[in-house]
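Remarks on the structure that follows.
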Amino acid sequence: MNILILAAGGGDTTAPDAPAGYPIWLSEIDGKLLLERQVNALRLQEGSKFIFAFRGADIDAQHVDDIARQLASDAAVVEVRRRTAGAACTALLAISHINLDEELIIVSATDHIEVDYDAVVAGFRTRQADAGILTFDSLHPRYSFVTTDADGWVLEAAEKRPISRQANAGFYWYARARDFIDSVQRMILKDAHLNGVFYISPSLNEMVLRNKRIAVTAIDPQLYHPLKDQRQVLSLDYQIDERKRHAS
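My numbering puts the sequence shown at residues 16 to 263.
And the structure:
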């Protein structure tokens, strides 16, 4: 299985517990980096290959490539030296490290989802899906959204447009990595961007057009934690502390 973690985005990248300039996913909660927590949660099976896409500036300044290899000794690192045209384009930069005939998971380093990934993936496999995503209830236009048919298969995906209450949590699973690569390439050829940015979610429409089946697993909104700024990281830190306090 290929596991691609996208950590090359811009925006507010300053961790609340560190001097200015540290990526937000290097924040520590209960003694562990956010990136470390994510890697540990995604260790699904023996032989899984982790691939990290990092900004070149973070590799130079924070040696995040060394951190990645401490977390997963055989990790592949994709160095992103220039701003890309979105997450879909960044993901394509990892193509040489991806086994196209194996499963692929794509996540963002700035999303924390409290689920049993083993169970989630097992559910997608049981349904014999070609791809699968996690959704939660929301109408806020900062997210991407999907509509589904009566059997729960995705009919349409839209970026930052609430076409339903099923907001995308940013977890993507593909039974075959080549389906992801093909759908993103088709999306880019159609110039299906939003304000010059190519997101991953709209590429699901290309799979639908080829009669691929995309499953959805709904989760409690409280299990999804976007970590785009210091406030959101501190909120997650507080929630984890509260759980530990009540459990003791």
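Glycine included, each C-beta is placed from N, C-alpha and C at the ideal position.
Quiz item: Are the segment 238-245 and the segment 124-136 touching, with three or more C-beta to C-beta distances below 8 angstroms?
Solution: yes
Practice problem: For E174, count neighbouring C-beta atoms within 10 Å of its own C-beta (all shown protein chains included) and say buried if the count is 16 or more, exposed if not. | Solution: Position 159 of the sequence shown, counted from the start, is the residue given in the question as residue 174. Label assigned to E174: buried.
Exercise. Take F255 and list the residues in its own chain whose beta-carbon comes closer than 8 angstroms to its own, dropping the five residues that flank it on each side.
Key: Translated into positions along the sequence shown, residue 255 becomes position 240. Note on identity: in this sequence residue 255 is Ile, with Phe being the wrong assignment. I44 and D45, listed in sequence order.
Quiz item: Between the segment 215-228 and the segment 157-175, are three or more C-beta pairs nearer than 8 angstroms?
Solution: The segment 215-228, when compared against the segment 157-175, does touch it at the 8 angstroms Cβ threshold.
Exercise. Hey, could you find the ends of the alpha helix (DSSP H) L249 is sitting in?
Key: Looking up residue 249 in the sequence shown gives position 234. Counting along the chain, the alpha helix (DSSP H) containing L249 begins and ends at Q245 to A262.
Self-check item: Endpoints, beta strand (DSSP E) assigned at E51
Solution: Start at 1 with the first residue of the sequence shown, and residue 51 comes out as number 36. Where E51 is concerned, there is no enclosing beta strand (DSSP E), although the alpha helix (DSSP H) it sits in stretches over L49 to A56.
Self-check item: V122 and F186 closer than 8 angstroms at C-beta
Solution: The residue given as residue 122 occupies position 107 in the sequence shown. The residue given as residue 186 occupies position 171 in the sequence shown. It is a contact, given that the beta carbons lie within the stated cut-off.
Quiz item: With a cut-off of 8 angstroms, do at least 3 Cβ pairs link the segment 76-86 to the segment 99-106?
Solution: Contact between the segment 76-86 and the segment 99-106 is absent: fewer than three C-beta pairs spanning the two stretches fall below 8 angstroms.
Practice problem: Please work out which residues of its chain come closer than 8 angstroms, Cβ to Cβ, to D145, disregarding the five sequence neighbours upstream and downstream, and give them in chain order. | Solution: The count along the sequence shown starts at 1 and reaches residue 145 at position 130. Only residues of its own chain outside the window of five on either side were considered, and among them Y189, A190, R191, D194, M222, K227, R228 and I229 have a CB closer than 8 angstroms to the CB of D145, listed in chain order.
Self-check item: Inter-residue Cα distance where the pair is R140 and Q60
Solution: Here residue 140 refers to the residue found at position 125 of the sequence shown. Here residue 60 refers to the residue found at position 45 of the sequence shown. Roughly 14 angstroms separates the two Cα atoms.
Exercise. Using three-state DSSP, classify F65 as helix, strand or coil.
Key: Position 50 of the sequence shown holds residue 65. Three-state DSSP puts F65 in a strand.
Quiz item: So which of I39, M16 and L19 has the shortest CA-CA distance to D244?
Solution: The sequence position of residue 244 within the sequence shown is 229, counting from 1. Taking D244 as reference, the option from I39, M16 and L19 with the minimal CA-CA separation is I39.
Quiz item: Which residue from D164, R142, Y132 and P156 puts its Cα closest to that of L149?
Solution: Within the sequence shown, numbered from 1, the residue matching residue 149 stands at position 134. Answer by Cα proximity: Y132.
Quiz item: Which residues in the same chain have their Cβ closer than 8 angstroms to the Cβ of L115, if we skip the five residues on either side of it in sequence?
Solution: Numbered from its first residue, the sequence shown carries residue 115 at position 100. Excluding residues within five positions, the ones whose Cβ falls inside 8 angstroms are R191, A192, R193 and I196.
Quiz item: Less than 8 angstroms separating the beta-carbons of F65 and V93?
Solution: Stepping through the sequence shown from its first residue, residue 65 is reached at position 50. Stepping through the sequence shown from its first residue, residue 93 is reached at position 78. No, the Cβ-Cβ distance between F65 and V93 is not below 8 angstroms.
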